[in-house]
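Data first, discussion second: the structure below is written as structure tokens.
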Amino acid sequence: MKEITGGITAAKGFQAASAAAGIKYQNRTDMAMIYSEVPCNAAGTFTTNIVKAAPVKWDMEIVKNAPYAQAVIVNSGIANACTGEEGYGYCRETAKEAAKVLGIPEHAVLVGSTGVIGMQIPIDRICAGISMLAEKKSGTLESGTEAAKAIMTTDTVKKEVAVQIELGGKTVTIGGMCKGSGMIHPNMCTMLGYVTTDAAISKEMLQKALSTDVCDTYNMVSVDGDTSTNDTVLLLANGLAGNPEITEDGEDYQTFLAALNFVNTTLARKIAGDGEGATALFTVKVIGAESKEQAVTLSKSVVTSSLTKAAIYGHDANWGRILCAMGYSGAQFDPEKVDLTFESAAGSQKIIENGVAVDYSEEVATKILSEEEVIVIADVKMGNASATAWGCDLTYDYVKINADYRS
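As numbered in the numbering used here, residues 38 to 444 make up the sequence shown, in order.
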């Protein structure tokens with residue numbers, strides 16, 4: 038596997054575009070298009086929030102029942118959530134307009150929205166934006182990058198990645214982009230993720246790969262504990278790499294799954310590190326667990342603890358907050374056997390051993406906790422299972438950003 042430059046347009050046959058439609062933001066792009074030159078098998082995972090945005094409902098239907106997909110239209114600024122039948126109708130109108138200008142069926146158009154909940158999208162601007170996108174669409178890496186920028190809301194950086202692998206003697210590319218900074222606590226954040234590949238793989242195996250992988254990637258991210266109404270990850274495969282089609286589990290499927298995991302893990306980490314107001318990526322690794330479920334529960338409890346996140350912001354080795362978060366997680370373990378270690382680019386230091394503080398240097402600990410990525414390793418000494426969760430520190434700016442988000 039080789040990481041390459043690019044994102045959503047890195048794979049053969051995929052094009053992208055961005056446009057400034059004036060949906061909510063001024064003086065920036067706020068719409069993006071992903072387009073495949075040929076029909077794609079499509080897979081998707083979506084928010085478990087009972088309050089689902091109209092685009093989520095639309096995409097769930099398309100992924101489940103449509104024979105193929107060929108385009109995705111995304112807007113930022115307005116989420117089209119809690120908008121009733123009118124909002125769902127706008128998804129249909131979006132698909133209808135895209136189908137008209139691209140010459141594809143309505144059922145081949147997926148949609149996505151992110152932004153303020155409760156506002157109706159200006160469908161006239163959306164339709165005008167679609168025409169602009171269709172005219173500008175291109176397979177260049179730059180067009181993919183610009184599309185990644187167009188779907189940002191409170192994100193501070195664009196998020197994209199691409200890799201290449203060999204399947205059946207053919208070079209296969211997987212590329213992706215995502216957005217997400219706040220309202221991030223996925224269960225499948227506001228996060229949107231789009232991954233494209235030129236691999237030949239059946240719809241069933243494509244869905245299996247995505248559903249399997251989100252558990253260890255996007256679902257292990259939390260910025261603020263709020264599961265969005267709009268969480269969507271879509272995976273499109275157009276088969277243009279020409280590899281023998283993957284129709285069952287085997288060596289090629291496992292190679293594809295490993296590459297997909299790299300793409301999704303990279304995007305998930307980018308979301309966590311760009312959490313609203315964040316100054317540090319906060320990684321929590323639980324090792325020595327009795328089961329994967331136990332490790333997941335413990336790691337997510339620590340990474341979502343507001344007190345722990347605040348301590349990370351303050352570069353304070355307040356390890357009691359970590360042990361406390363593990364204790365209320367619901368997972369059973371012996372606190373008198375736990376070891377905790379802090380790691381970063383500045384070094385590594387064990388803080389507690391068998392549930393009791395060791396003679397560590399606060400000065401060294403503070404230096405370790407002052408890096409851009411801070412890692413906590415918790416060994417519960419019960420077995421061989423492990424899990425990793427990603428979050429960020431909790432800063433004053435998080436409150437500032439969310440106190441006037443609608444303004």
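Glycine included, every Cβ here is placed at the ideal spot set by N, Cα and C.
Ile158 and Asn112 look like a contact to me (Cβ under 8 Å); what is the Cβ gap, rounded to whole Å?
The residue labelled residue 158 in the question sits at position 121 within the sequence shown. The residue labelled residue 112 in the question sits at position 75 within the sequence shown. Their Cβ separation, rounded to whole angstroms, is 7 Å, which keeps Ile158 and Asn112 in contact under 8 Å.
Nearest candidate by alpha-carbon position, reference Ala103, set Ser407, Cys119, Val93, Cys77:
As a first step, residue 103 must be located in the sequence shown, where it is residue number 66. If we check each option's Cα against that of Ala103, Cys77 comes out closest.
By how many angstroms is the C-alpha of Cys119 removed from the C-alpha of Glu203?
Here the question's residue 203 lines up with position 166 in the sequence shown. Here the question's residue 119 lines up with position 82 in the sequence shown. Roughly 44 Å between the two C-alpha positions.
Rounding to the nearest angstrom, what Cα-Cα distance links Ala274 and Ser218 in this structure?
Working through the sequence shown from its first residue, we reach residue 274 at position 237. Working through the sequence shown from its first residue, we reach residue 218 at position 181. Distance between the alpha carbons of Ala274 and Ser218: 27 Å.
Val75, DSSP secondary structure in three states:
Here the question's residue 75 lines up with position 38 in the sequence shown. The answer is strand: DSSP assigns Val75 an E or B state.
Rounded C-alpha distance that separates Val109 from Tyr72:
The sequence position of residue 109 within the sequence shown is 72, counting from 1. The sequence position of residue 72 within the sequence shown is 35, counting from 1. Computed Cα separation, rounded: 7 Å.
Per DSSP, what kind of secondary structure is Cys226 in: helix, strand or coil?
By 1-based counting over the sequence shown, the position of residue 226 is 189. Low per-residue confidence applies at Cys226: pLDDT is 44, beneath 50, and the placement is therefore not dependable, though the value from the model is reported in the following sentence. Reduced to three states, the DSSP call for Cys226 is coil.
Per DSSP, the bridge partner or partners of Glu410
Start at 1 with the first residue of the sequence shown, and residue 410 comes out as number 373. DSSP lists Leu318 as partners of Glu410.
Every unbroken beta strand (DSSP E) within the segment 67-133, with a cutoff of 3 residues, ordered by chain
68-83, 106-115
Reduced DSSP secondary structure (H/G/I, E/B, other) of Glu40
Position 3 of the sequence shown, counted from the first residue, corresponds to residue 40. Strand.
Give the list of continuous alpha helix (DSSP H) stretches no shorter than 4 residues that lie fully inside the segment 289-357.
329-340, 343-350
Residue burial classification, Ala382 (beta-carbon count within 10 angstroms, cutoff 16):
Looking up residue 382 in the sequence shown gives position 345. Ala382 is exposed by the Cβ-count criterion.
Closer than 8 Å by C-beta to Met225: which residues in its own chain qualify, once you throw out the five before and the five after it? Chain order, please.
Indexing the sequence shown from 1 puts residue 225 at position 188. Low per-residue confidence applies at Met225: pLDDT is 48, beneath 50, and the placement is therefore not dependable enough to give any value.
Bridge partners for Leu204 per DSSP, in chain order?
Reading the sequence shown from its first residue, position 167 is the one you call residue 204. Lys207.
Please classify Val194 as buried or exposed, where buried requires at least 16 neighbouring CB atoms within 10 angstroms.
Taking the first residue of the sequence shown as 1, we reach residue 194 at position 157. Taking a 10 Å sphere around the C-beta of Val194, we find fewer than 16 other C-beta atoms and assign the residue as exposed.
In chain order, what residues of the same chain have a beta carbon less than 6 Å from the beta carbon of Ala79, not counting five sequence neighbours either side?
In the sequence shown, the residue the question calls residue 79 occupies position 42. Within the same chain, Ala79 has close Cβ partners Val100, Ala106, Leu273.
Going along the chain, which residues of its own chain have a beta-carbon closer than 6 Å to the beta-carbon of Glu40, five neighbours each way excluded?
For the purposes of this step, residue 40 is taken as residue 3 along the sequence shown, with counting starting at 1. Answer for Glu40: Val200, listed in chain order.
So Asp376 is in the alpha helix (DSSP H); what residue range does that whole segment cover?
Stepping through the sequence shown from its first residue, residue 376 is reached at position 339. Counting along the chain, Asp376 falls outside any alpha helix (DSSP H), though it belongs to the beta strand (DSSP E) covering 376-381.
Using three-state DSSP, classify Met189 as helix, strand or coil.
As a position in the sequence shown, residue 189 is number 152, starting the count at 1. DSSP places Met189 in coil when its eight states are reduced to three.
Just how far apart, CA to CA, sit Glu423 and Pro92?
By one-based count along the sequence shown, residue 423 stands at place 386. By one-based count along the sequence shown, residue 92 stands at place 55. The sequence as given places Ser at residue 423; Glu does not occur at that position. Going by the C-alpha atoms only, they are around 35 Å apart.
With a Cβ-Cβ cutoff of 8 Å, do Ile238 and Phe299 count as a contact?
What you label residue 238 is simply residue 201 of the sequence shown in a count that begins at 1. What you label residue 299 is simply residue 262 of the sequence shown in a count that begins at 1. Against a cut-off of 8 Å, the Cβ pair of Phe299 and Ile238 comes out as no contact.
Mapping DSSP to helix, strand and coil, what is Lys49?
For the purposes of this step, residue 49 is taken as residue 12 along the sequence shown, with counting starting at 1. If DSSP states are grouped into helix, strand and coil, Lys49 belongs with coil.
Give me, in chain order, the residues of the same chain whose beta-carbon lies closer than 7 Å to that of Thr345; leave out the 5 immediate sequence neighbours on both sides.
Counted from its first residue, the sequence shown places residue 345 at position 308. The residues are Val339, Arg358, Ile359, Ala362.
Beta carbon of Thr182, beta carbon of Gly44: below 8 Å?
Stepping through the sequence shown from its first residue, residue 182 is reached at position 145. Stepping through the sequence shown from its first residue, residue 44 is reached at position 7. Yes. Within cutoff.
Which whole-angstrom value is the C-beta distance of Thr66 and Ala187, which I expect to be below 8 Å?
As a working note, residue 66 is residue 29 in the sequence shown. As a working note, residue 187 is residue 150 in the sequence shown. Right, the Cβ-Cβ distance comes to about 4 Å (below 8 Å), so this counts as a contact.
For a test of the three-state rule: what should DSSP assign to Ala278, helix, strand or coil?
Locating residue 278 in the sequence shown gives position 241, counting from the first residue. Ala278: coil per DSSP, three-state reduction.
Name the DSSP beta bridge partners of Lys216, please?
Residue mapping note: residue 216 aligns to position 179 of the sequence shown, counting from 1. Answer is Leu229.
State the start and end residues of the unbroken beta strand (DSSP E) segment that holds Ser423.
In the sequence shown, residue 423 corresponds to position 386, counting from 1. Segment 422-429, the beta strand (DSSP E) holding Ser423.
Under the DSSP definition of a beta bridge, which residues are partnered with Thr234?
On the sequence shown, residue 234 is found 197 positions in, with the first residue counted as 1. Answer is Ile211, Ala274, bridged to Thr234.
N-terminal and C-terminal residue of the beta strand (DSSP E) that Ser385 is part of
For the purposes of this step, residue 385 is taken as the residue at position 348 of the sequence shown. 384-390 is the span of the beta strand (DSSP E), which, as asked, contains Ser385.
Please classify Lys337 as buried or exposed, where buried requires at least 16 other C-beta atoms within 10 Å of its C-beta.
As a first step, residue 337 is located in the sequence shown; it is residue number 300 there, counting from the start. So Lys337 ends up on the buried side.
Whole angstroms are fine: how far does the CA of Met169 sit from the CA of Leu147?
Your numbering for residue 147 matches position 110 in the sequence shown. Your numbering for residue 169 matches position 132 in the sequence shown. Cα-Cα distance, rounded: 17 Å.
Apply the 10 Å Cβ neighbour rule to Val436 and answer buried if 16 or more other Cβ atoms are within range, or exposed otherwise.
If you number the sequence shown from 1, residue 436 lands on position 399. So Val436 ends up on the exposed side.
Quick check on this structure: which residue in Glu390, Ala317, Gln386 has the alpha carbon closest to the alpha carbon of Tyr350?
In the sequence shown, residue 350 corresponds to position 313, counting from 1. Ranking Glu390, Ala317, Gln386 by Cα distance to Tyr350 puts Ala317 first.
Three-state secondary structure (DSSP) of Lys437
Position 400 of the sequence shown, counted from the start, is the residue given in the question as residue 437. The answer is helix: DSSP assigns Lys437 an H, G or I state.
What's the C-alpha gap between Thr320 and Gly310?
Stepping through the sequence shown from its first residue, residue 320 is reached at position 283. Stepping through the sequence shown from its first residue, residue 310 is reached at position 273. Roughly 10 Å separates the two Cα atoms.
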